[in-house]
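Protein chains in written order, with the numbering used here: chain A, 14 to 273; chain B, 154 to 513.
So this is what it looks like as structure tokens:
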């Protein structure tokens with residue numbers, strides 16, 4: 014059950030600085046949606062408004078029919094939202110499997126007392142979640158690493174583990190914060206394949222914040238380009254790449270003229 | 154693949170009959186030991202059990218959840234006072250036990266609801282206040298606490314039917330109650346809640362994005378720590394049979410933190426070792442030179458921290474891992490924390506609260 018994400022007139026101010034001004038778009042269920050723009054355009058701020066880390070000064074953010082602007086991140090997980098971080102934050106001394114299992118937290122039943130007593134219910138739930146987590150790792154080519162401590166894995170693999178952790182939440186809406194940042198080319202290819210498979214196999218809406226235009230072009234159905242906190246254009250990735258306003262925003266007006 | 158390596162040389166500990174027999178053996182050992190040991194050893198072991206439980210509680214909030222608490226001794230004191238008062242009023246001892254647990258848990262909950270909201274080091278600051286307020290409070294409320302005189306309660310005489318000496322009876326009670334608390338906590342800090350506590354300690358932003366409210370889990374951890382503190386207070390009264398405002402002085406609270414760090418933060422075995430440290434080291438340093446007790450303790454503290462930053466438990470863990478690496482089979486289910494089972498049996502004489510599977 015992929016979710017629909019609707020932003021209407023979202024603005025964000027820090028003191029006198031207008032970080033976002035009247036940004037609005039609709040991400041339809043099951044879409045892979047890109048959020049692009051040059052450094053400082055407000056992508057991450059907008060991302061944080063959706064994930065609950067910032068509260069928009071005005072405007073609304075809706076997941077399906079629920080207005081969620083200003084809700085705490087922990088509450089948003091209950092609306093089916095999951096996210097990854099730009100710098101994967103894993104428990105480095107724990108095994109990969111334990112890291113992924115964290116994503117199953119909200120779906121595991123039982124009280125602290127029940128878990129302390131290891132009631133049959135909690136043991137069954139833990140076992141089932143373990144199977145599910147191993148299955149996710151398997152599908153993402155990480156089954157071999159399940160029982161290794163996370164700190165023995167590379168940065169690129171951490172991103173994969175983090176994605177599995179987010180997927181174990183069974184999200185309806187998945188936010189990926191610069192998934193390609195710091196990855197060598199070969200691993201970007203793997204990432205693209207992973208997200209594509211995600212769309213085919215899991216019923217989830219994906220929003221990607223990214224600089225890497227190759228990844229955006231390869232994956233997204235639709236993009237919004239931000240510049241100076243405003244929507245510059247909305248359309249397909251191909252349209253964005255050929256739009257003179259986008260080129261200008263990325264490489265500056267003079268350079269754009271030269272290129273033309 | 155691991156199994157293929159496993160077949161020719163199965164680790165002794167991985168063999169099914171060893172896994173089943175070891176806890177049984179340990180329980181039998183712990184059941185027999187109090188009968189054969191001299192009285193003074195039994196008493197020392199019982200005291201170690203009491204403080205191991207207190208350190209365990211501290212570990213839940215500080216070692217596992219990463220919230221600095223400097224007030225754990227307050228909950229031990231509260232549990233002890235509730236127990237002492239209840240016994241003097243001739244209440245049923247089971248009721249007294251429950252009141253000691255719930256009273257401490259409730260106090261912890263109230264403190265945590267306020268302190269955890271402030272975040273960061275505020276919890277440490279608020280918890281400093283607990284023993285500082287607790288001591289004069291215990292002196293003032295002399296109708297209930299006996300004021301500076303303290304409160305004594307004799308309710309730990311061995312029932313005649315058992316034919317045991319008092320010290321044996323006390324050690325058995327500590328072993329059973331402490332053992333149950335240790336086993337329950339051990340299960341709690343694995344699985345769902347253990348992972349949640351660990352991520353609150355590790356990265357609150359990630360915790361929140363997983364639907365884990367850092368605030369609620371800090372409050373939960375603190376409440377559980379207080380509850381376990383209450384249990385240790387009951388056991389304290391059971392074993393020592395006397396409490397005074399001095400019991401919950403700030404100095405003792407700090408010693409408890411030091412014991413937890415030396416034993417090993419975020420470790421079940423570490424809590425046992427911490428309890429042993431708390432009781433044994435002052436006794437040993439006293440024997441060396443009573444005027445240098447504090448100084449010698451400081452030396453021990455520094456020495457342990459320099460050589461073993463992860464506490465004594467990391468030594469146990471390292472030995473276990475080294476042995477496993479020699480056998481070259483990690484074993485699919487074996488997480489880095491599994492050496493517990495060897496740790497328990499290797500140091501059984503020092504760790505009364507451990508591994509009483511049969512009774513849990």
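Glycine is no exception: its CB is placed at the ideal position from the N, C-alpha and C atoms.
Just so it is clear, the structure is predicted and the values come from calculations on it, not from any experiment.
query                                                                                                                     : result
Cβ shell of residue 499 of chain B (< 8 Å), same chain only, five flanking positions each side left out                   : For residue 499 of chain B, the predicted model reports a pLDDT of 37, less than 50, meaning its position is unreliable; a value from the coordinates is still stated below. Once the five neighbours on either side are set aside, the close Cβ partners of residue 499 of chain B are 469.
For residue 350 of chain B and residue 374 of chain B, the rounded distance between their alpha carbons                   : 8 Å
Against chain A: residues of the stretch 410-421 of chain B by CB proximity under 7 Å                                     : none
Cutoff 8 Å: residue 104 of chain A Cβ touching any chain B Cβ                                                             : yes
Option in B/178, B/333, B/227 with minimal Cα separation from residue 410 of chain B                                      : B/227
CA-to-CA distance, residue 163 of chain A to residue 243 of chain A, given in whole angstroms                             : 39 Å
Neighbour flag for residue 118 of chain A against chain B, beta carbons, 8 Å                                              : yes
Length of the line joining the Cα atoms of residue 341 of chain B and residue 348 of chain B                              : 10 Å
Chain A contact for residue 228 of chain B (CB, 8 Å cutoff)                                                               : no
Classification of residue 459 of chain B by the beta-carbon crowding that lies within 10 angstroms, buried from 16 upward : exposed
Residue environment, residue 376 of chain B, which counts as buried when at least 16 other CB atoms sit within 10 Å       : buried
Reduced DSSP secondary structure (H/G/I, E/B, other) of residue 229 of chain A                                            : helix
Where the stretch 65-93 of chain A meets chain B: residues whose CB sits under 9 Å from a CB there                        : 65, 66, 85, 86, 87, 88, 89, 90, 91
Every unbroken beta strand (DSSP E) within the stretch 90-172 of chain A, with a cutoff of 3 residues, ordered by chain   : 94-96
Three-state secondary structure (DSSP) of residue 450 of chain B                                                          : helix
Nearest neighbour of residue 169 of chain A, chosen from A/194, A/161, A/114 [CA to CA]                                   : A/194
Residue-level contact to chain A via CB, residue 346 of chain B, 8 Å cutoff                                               : yes
Range of the contiguous alpha helix (DSSP H) that encloses residue 320 of chain B                                         : 319-341
Rounded C-alpha distance that separates residue 172 of chain A from residue 215 of chain A                                : 18 Å
When B/390, B/211, B/440 are compared against residue 222 of chain B, the one with the closest alpha-carbon               : B/211
Cβ contact (3+ pairs, closer than 8 Å) linking the stretch 93-110 of chain A and the stretch 121-141 of chain A           : no
Cutoff 8 Å: residue 359 of chain B Cβ touching any chain A Cβ                                                             : yes
Proximal residues of chain A, C-beta to C-beta of residue 267 of chain B below 7 Å                                        : Chain A residues near residue 267 of chain B: none, gap ~19 Å exceeds 7 Å.
Alpha-carbon spacing of residue 262 of chain B relative to residue 405 of chain B, whole angstroms                        : 22 Å
Residue 31 of chain A - partner residues in DSSP beta bridges                                                             : A/26
Identified DSSP bridge partners for residue 220 of chain A                                                                : A/46, A/188
Residue 248 of chain A: first and last residue of the uninterrupted beta strand (DSSP E) it sits in                       : 243-248
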